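Numbering (the working numbering), first residue to last: -15 to 268.
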């Protein structure tokens, strides 16, 4: 009984001591960015979700498997080509995202020049951005029209600017928007000089990156040719019954699985060796 009372007393003293210390607030973790959704936004595909993209990947893969199985009566061959067929939607979205980024990279210096001219003419920063919906580059006018609608509806420049950044989903746009936000918050009379320097920097960056991508293209094309050639040969071999019978055996399965693994690993290595540093969105 005395031992129990001593334990309860010790527990009470510990709780009193514990209550004297402030409990650190738990910092909520930022939600992880959806890589597929971000890639869809960079590609300019707004009406397709990441779940829809994965569904199209699975559906096309199953369709290709069924078609090749009907044509060849070989399950391992059908599965290999189903894997490549399912990869096609992802490849198409990545290609469109890269192409859109390259196009926008050439347009942003003109956007900054338009902003600089509008501000020199006496327009405010929200009015200059809204004006780009009518006088900016054709590919970007709709985004700035939406910005103007958001700004007129809410009257909050920061929220409209944040919505514009999410719709554009472009690294260069992130830098420009954050520079404009900082300029509006801090103030100052050097906005025209800032925009002029920014336009020169963007043009030089776009020129340098375009030259590097042109020199890199031969490495990428060689990697794609190297990955496609063996499987084109397999398609020709699949027209012969003796080849199909050989691939339907256990060693045939092993050869195809090994070929897929080697092809994917070598393809990724070639792309990694010849890849340029990605232009990531860091100001989100």
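Every residue, glycine too, gets a C-beta built ideally from N, C-alpha and C. Small disclaimer: the values here were computed from a predicted structure and weren't measured.
By the C-beta criterion, the stretch 104 to 120 is judged not to be in contact with the stretch 68 to 88, since fewer than 3 inter-stretch pairs fall below 8 Å.
Here residue 196 is exposed. Its C-beta has fewer than 16 other C-beta atoms within 10 Å. Just so you know, the alpha carbons of residue 147 and residue 131 end up roughly 7 Å apart. Around residue 21, the same chain offers 33, 34 as residues with beta carbons nearer than 8 Å, after the five sequence neighbours per side are excluded. In the three-state DSSP reduction, residue 154 falls in the coil class, being neither helix nor strand. Within 10 angstroms of the beta-carbon of residue 154 lie 16 or more other beta-carbons, which makes it buried. Setting aside the 5 residues that flank it on each side, residue 149 is surrounded in the same chain by 157, 158, 161, each with a C-beta closer than 7 Å to its C-beta; the list follows chain order. Counting only residues of its own chain and dropping the five nearest sequence neighbours on each side, residue 94 has a CB closer than 7 Å to the CB of 121.
Between residue 49 and residue 63 a beta carbon distance of about 6 Å is seen, short of the 8 Å cut, so the two are scored as contacting. In the three-state scheme derived from DSSP, where H, G and I count as helix and E and B as strand, residue 260 is classed as coil. Within its own chain, the residues whose Cβ lies closer than 7 Å to the Cβ of residue 114, once the five positions on either side in sequence are excluded, are 128, 131, 132, 135, listed in chain order.
Non-local beta-carbon contacts of residue 84 in its own chain, meaning distances under 7 Å to residues more than five positions away in sequence, involve 26, 27, 28 in chain order. DSSP assignment within the stretch 113 to 187 yields the following whole alpha helix (DSSP H) runs of 4 residues or more, N-terminal first: 125 to 138, 141 to 152, 155 to 170.
Between the beta-carbon of residue 192 and that of residue 258 there is about 17 Å, and that puts the pair past the 8 Å contact cut.
Take residue 240, set aside five residues on each side of it, and the residues of its chain with a beta-carbon closer than 6 Å to its own are 60, 64, in chain order.
With fewer than 16 other CB atoms across the displayed protein chains lying within 10 angstroms of its CB, residue 87 is exposed.
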